[in-house]
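Undergrad: In case it helps, the UniProt record's numbering puts the sequence shown at residues 1 to 272.
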Amino acid sequence: MSTPTLLAVFAHPDDEAFSVGGTLTHYARQGVRVVLACATRGEAGKITVPGMTVNDLGAQREQELRAACEALEIGAPVFLDYHDSGRYERTRHDDPEALMNVNPLDVEVKLRALIEDVQPQVIVTFDPHGGYGHVDHLQMHRATVAAFFSTGHLPYGGPQRLYYTALTTEAAQGLARMGQDLDPLVYGVDPTTLAVNLDVSAYAANKKAALMAHGTQMGEQSILGRMSPEEREAMERRMLGSEGFSVGGTRTALAQYPLSGLFDGLGFDGLN
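1) Taking its Cβ as the centre, do 16 or more other Cβ atoms sit within 10 Å of Tyr-164, making it buried, or is it exposed?
2) Of all the alpha helix (DSSP H) runs that stay within the bounds of the segment 9 to 67, which reach a length of 4 or more residues?
3) If you drop the 5 nearest sequence neighbours on each side, which residues of the same chain put their C-beta closer than 7 Å to that of Ser-242?
4) Would a C-beta distance cut-off of 8 Å place Ala-28 and Ala-209 closer than the cut-off?
5) Does the Cβ of Ala-213 have 16 or more other Cβ atoms within 10 Å, making it buried, or fewer, making it exposed?
6) Does the Cβ-Cβ distance between Thr-144 and Arg-112 come in under 8 Å?
7) Look at the Cβ atom of Val-124, then the Cβ atom of Leu-6, and state whether they are nearer than 8 Å.
8) Who are Thr-168's beta bridge partners in DSSP?
9) Run through the DSSP bridge pairs and tell me what Val-122 is partnered with.
10) Looking at the strands, I want to know which residues DSSP matches up with Glu-243.
11) What's the C-alpha gap between Cys-69 and Leu-114?
12) Going straight from the alpha carbon of Gly-51 to that of Glu-220, what length do you get?
13) On a CA-only basis, which of Pro-184, Pro-104, Glu-116 and His-137 is nearest Phe-126? Give me that one, please.
14) If you count every other CB in all the chains shown that lies within 10 Å of the CB of Thr-23, and 16 or more means buried, which is it?
15) How about Ala-204 and Leu-167: are their beta carbons less than 8 Å apart?
16) Which one of Ser-19, Asn-272, Ala-253 and Val-107 has the shortest CA to CA distance from Ser-260?
17) Using the DSSP secondary-structure output, state which residues sit across from His-141 in a beta bridge.
18) Decide if Ala-195 is buried, meaning its Cβ has at least 16 other Cβ atoms within 10 Å, or exposed.
19) Is the beta carbon of Ala-8 less than 8 Å from the beta carbon of Ala-39?
20) So the alpha helix (DSSP H) Tyr-203 belongs to, where does it begin and stop?
21) Determine the DSSP secondary structure at Ala-113, reduced to helix, strand or coil.
22) Please state whether DSSP places Gly-249 in a helix, a strand or coil.
23) Thinking Gly-265 and Ala-255 are a contact (beta carbons under 8 Å), I'd like their distance in whole angstroms, please.
24) What separation, rounded to the nearest whole angstrom, lies between the Cα atoms of Leu-80 and Gly-249?
25) Just tell me which of Leu-185, Glu-116 and Gly-270 has its CA closest to the CA of Val-35.
26) Looking at Thr-216: is its Cβ nearer than 8 Å to the Cβ of Glu-43?
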């Protein structure tokens, strides 16, 4: 049996902290090899700290992600070296290396090579709506799903389980109240249908530290920074208490539903 390995695939620095930070720490502490792949360095992100000046935002956010990985007790991130596409007035329509302008099949090629090297049993990535619809999230969802299904021939057996991060309807309603243009019944998932609902409260300190490591994105003008104390408390309670996942693909039978964890039924005794 190969070393238990989890590959998390996301688009920007900070994506990992919001949706799966507690889960990554949970499995790292159980001896799982946790590998985080980040498609971009977040070069087109919005600095949310009033008055902050950064000469090279990509380099700054790379260091923030490295610090976040340390907080989550996982290894250094793997960068796929695409450019952040940005949003709104920061959208990089004319940048050929911006993820939105890259052929998803090219991204799949990079991910296939990474999967062959890392040999994960479990892959985690964005849901089909990309969380809240960011074009880079949608690109990484598409490429990661394709890579999961096209790597079953690998000698080690290929990844056995693909999971999507799941934004519950309650969490989606919270984002909608904060001005995100999304329908909670479209972007949110009914929590009673989750394949895995992992209690990550024991890793709240790790997740908080990882979030704070992304300093350029967590200032007064960020979504969290603009929340009232009551809204922030409710958001932190949801984010720090549990993390939910849907099944995107499997090469093994599901012995039960919901599952007790991401590795449930994959042959690693005592690991869920």
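Heads up, the beta-carbon is just placed ideally off N, CA and C, and yes, glycines get one too. As the structure is a computational prediction, the values presented were derived from the model and not from experiment.
TA: On the basis of the coordinates in this document:
1) Along the sequence shown, read from residue 1 onward, the residue named residue 164 stands at position 164. So Tyr-164 counts as buried.
2) Those alpha helix (DSSP H) runs which fall completely within the segment 9 to 67 and span 4+ residues are 15 to 29.
3) Start at 1 with the first residue of the sequence shown, and residue 242 comes out as number 242. The beta carbon of Ser-242 lies closer than 7 Å to those of Asn-197, Leu-198, Asp-199 and Val-200 in the same chain, with the five residues before and after it left out.
4) Residue mapping note: residue 28 aligns to position 28 of the sequence shown, counting from 1. Residue mapping note: residue 209 aligns to position 209 of the sequence shown, counting from 1. The answer is no: Cβ separation not under 8 Å.
5) The residue you call residue 213 lines up with position 213 of the sequence shown. Counting Cβ neighbours within 10 Å, Ala-213 comes out buried, since at least 16 surround it.
6) Mapped onto the sequence shown, residue 144 falls at position 144. Mapped onto the sequence shown, residue 112 falls at position 112. No, these two residues do not count as a Cβ contact at 8 Å.
7) For the purposes of this step, residue 124 is taken as residue 124 along the sequence shown, with counting starting at 1. For the purposes of this step, residue 6 is taken as residue 6 along the sequence shown, with counting starting at 1. Taking the C-beta atoms as reference points, Leu-6 is found nearer than 8 Å to Val-124.
8) Residue 168 sits at position 168 when you count from the first residue of the sequence shown. Paired residue(s): Val-189.
9) The residue labelled residue 122 in the question sits at position 122 within the sequence shown. DSSP, once it has assigned bridges, lists Leu-6 and Arg-161 as partnering Val-122.
10) Sequence index remark: in the sequence shown, residue 243 carries index 243 (1-based). Answer by DSSP bridge pairing, in chain order: Leu-198.
11) Translated into the one-based positions of the sequence shown, residue 69 becomes position 69. Translated into the one-based positions of the sequence shown, residue 114 becomes position 114. Computed Cα separation, rounded: 19 Å.
12) Translated into the one-based positions of the sequence shown, residue 51 becomes position 51. Translated into the one-based positions of the sequence shown, residue 220 becomes position 220. The C-alpha of Glu-220 is placed about 11 Å away from the C-alpha of Gly-51.
13) Working through the sequence shown from its first residue, we reach residue 126 at position 126. Of the candidates Pro-184, Pro-104, Glu-116 and His-137, the one whose C-alpha sits nearest the C-alpha of Phe-126 is His-137.
14) Residue 23 sits at position 23 when you count from the first residue of the sequence shown. Answer is buried; the Cβ neighbour count reaches 16.
15) By 1-based counting over the sequence shown, the position of residue 204 is 204. By 1-based counting over the sequence shown, the position of residue 167 is 167. No, the Cβ-Cβ distance between Ala-204 and Leu-167 is not below 8 Å.
16) In the sequence shown, the residue the question calls residue 260 occupies position 260. Minimum Cα distance to Ser-260 is reached at Asn-272.
17) Walking along the sequence shown from the start, residue 141 turns up at place 141. When beta bridges are read from the DSSP output, His-141 appears opposite no residue.
18) As a first step, residue 195 is located in the sequence shown; it is residue number 195 there, counting from the start. Its Cβ being crowded by 16 or more others within 10 Å, Ala-195 is buried.
19) For the purposes of this step, residue 8 is taken as the residue at position 8 of the sequence shown. For the purposes of this step, residue 39 is taken as the residue at position 39 of the sequence shown. No, Cβ-Cβ distance for Ala-8 and Ala-39 is not below 8 Å.
20) Taking the first residue of the sequence shown as position 1, residue 203 is located at position 203. In the DSSP assignment, Tyr-203 falls outside any alpha helix (DSSP H) and carries neither an H nor an E.
21) Within the sequence shown, numbered from 1, the residue matching residue 113 stands at position 113. It is helical.
22) Here residue 249 is taken as the residue at index 249 of the sequence shown, counted from 1. Residue state for Gly-249 is assigned as strand, using DSSP reduced to three classes.
23) Counting from 1 along the sequence shown, the entry for residue 265 is found at position 265. Counting from 1 along the sequence shown, the entry for residue 255 is found at position 255. Gly-265 to Ala-255, Cβ: 5 Å. Contact.
24) As a working mapping, residue 80 is identified with position 80 in the sequence shown. As a working mapping, residue 249 is identified with position 249 in the sequence shown. Taking the straight line from one Cα to the other gives about 23 Å.
25) As a first step, residue 35 is located in the sequence shown; it is residue number 35 there, counting from the start. Of the candidates Leu-185, Glu-116 and Gly-270, the one whose C-alpha sits nearest the C-alpha of Val-35 is Glu-116.
26) Position 216 of the sequence shown, counted from the first residue, corresponds to residue 216. Position 43 of the sequence shown, counted from the first residue, corresponds to residue 43. In this structure, Glu-43 does not lie closer than 8 Å to Thr-216 by Cβ.
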